[in-house]
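**Student:**
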Amino acid sequence: MPAKARICLIDGNERRRAMIEAKLRGAFTVTALRQPGELVASWPEADVAFVADEAGNLMHVRHIAVQKQEVLPIVAFGEGVDTDQAISAIYSGAIDCIDLNRHRSDLAGRLDLALRRRSPEFETRLKAMRSASELAELDGGKRRILGLFSAGKGQERIARELGMSEAELEQEVEEIKEKLRLPSLKYSVLIIIVY
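Here the sequence shown stands for residues 0 to 194, numbered as in numbering that gives the first Met the number 0.
(1) Give the C-beta separation of residue 32 and residue 20 to the nearest angstrom, bearing in mind that I take them to be a contact with Cβ-Cβ under 8 Å.
(2) Do you know how far the Cα of residue 107 is from the Cα of residue 46?
(3) DSSP on residue 11, reduced to helix/strand/coil?
(4) Nearest to residue 112 by alpha carbon, out of 26, 14, 59, 16?
(5) Measuring straight from C-alpha to C-alpha, what distance separates residue 56 and residue 88?
(6) According to DSSP, is residue 176 helix, strand or coil?
(7) Runs of 3 residues minimum, wholly inside the region 29-91: which ones carry the beta strand (DSSP E) assignment?
(8) Looking at residue 84: is its Cβ nearer than 8 Å to the Cβ of residue 77?
(9) Between residue 162 and the rest of its own chain, which residues show a CB-CB distance below 7 Å, the 5 nearest in sequence each way excluded?
(10) If contacts are defined as beta-carbon pairs under 8 Å, then residue 73 and residue 97 qualify, I think. What distance do you get, rounded to the angstrom?
(11) Leaving out five residues on either side along the sequence, give the residues of the same chain with a beta carbon under 6 Å from the beta carbon of residue 103.
(12) Need the endpoints of the alpha helix (DSSP H) that residue 158 sits in, please.
(13) Please classify residue 65: is it buried, with 16 or more other beta-carbons within 10 angstroms of its beta-carbon, or exposed?
(14) Go through its chain and collect everything with a Cβ distance to residue 52's Cβ below 7 Å, but skip five positions before and after it.
(15) Taking the straight line between their C-alpha atoms, what separation do you get for residue 34 and residue 11?
(16) For residue 166, count the other beta carbons within 10 Å of its own beta carbon; 16 or more makes it buried, fewer makes it exposed. Which is it?
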């Protein structure tokens with residue numbers, strides 16, 4: 000059985016927040032916050048932020064995520080959402096905008112659909128976008144190493160081709176991962192391929 004997706008619910012309306020939390024609890028692991036500012040003190044273990052589309056919440060969540068260099072997809076919600084509001088939410092960085100009035104009875108199913116609509120590469124692409132500027136700052140030698148890995152060459156062959164030991168190459172790879180702030184060489188290589 001797959002683990003439940005983790006939702007960070009952000010809504011200043013206490014009654015509505017309690018109702019949404021109750022509807023989502025069975026399908027998701029929910030962390031409920033009153034306002035985006037609470038993200039500053041404690042970044043949640045979450046797969047997505049489910050954010051009330053009011054009072055600049057979406058932009059505030061995006062700003063905090065950028066400051067913390069975290070990736071947190073946002074799904075906006077509101078009551079009586081019209082087309083203009085949905086488009087505005089998407090322009091503000093949401094991957095979807097859900098109307099509670101229309102989807103209250105199956106809110107968990109509708110939120111699950113929003114999460115499945117995004118491509119499996121979504122998080123990797125966001126990290127890649129964030130890291131693209133750092134990639135440009137890598138020296139030529141480190142970019143060459145990534146290029147050789149992206150061409151499918153193995154570590155031993157690359158070390159031999161560059162005239163260094165495998166230990167020296169591993170040190171270079173660690174520096175690349177640190178510079179790009181990515182957890183593995185795989186993500187670093189993906190950035191070279193995408194960009």
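Just so you know, even glycine gets a beta-carbon here, dropped at the ideal spot from N, CA and C.
**Tutor:** So, from the data block:
(1) Contact flag wrong, Cβ pair sits at about 11 Å.
(2) Our two residues, residue 46 and residue 107, have alpha carbons roughly 14 Å apart in a direct line.
(3) If DSSP states are grouped into helix, strand and coil, residue 11 belongs with coil.
(4) Closest option to residue 112, judged by alpha-carbon separation, among 26, 14, 59, 16: 26.
(5) CA-CA distance, residue 56 to residue 88, rounds to 10 Å.
(6) Three-state DSSP puts residue 176 in a helix.
(7) Correct list: 47-51, 73-77.
(8) For residue 84 and residue 77, yes; Cβs fall inside 8 Å.
(9) Nothing meets the Cβ criterion.
(10) In this structure residue 73 is not in contact with residue 97, their Cβ atoms being roughly 11 Å apart against a cut-off of 8 Å.
(11) None.
(12) Counted as a single uninterrupted DSSP element, the alpha helix (DSSP H) harbouring residue 158 occupies residues 154-161.
(13) Its Cβ having fewer than 16 others within 10 Å, residue 65 is exposed.
(14) 75, 76, 77, 84, 88, 96.
(15) Residue 34 and residue 11: Cα-Cα distance of roughly 6 Å.
(16) That one is exposed.
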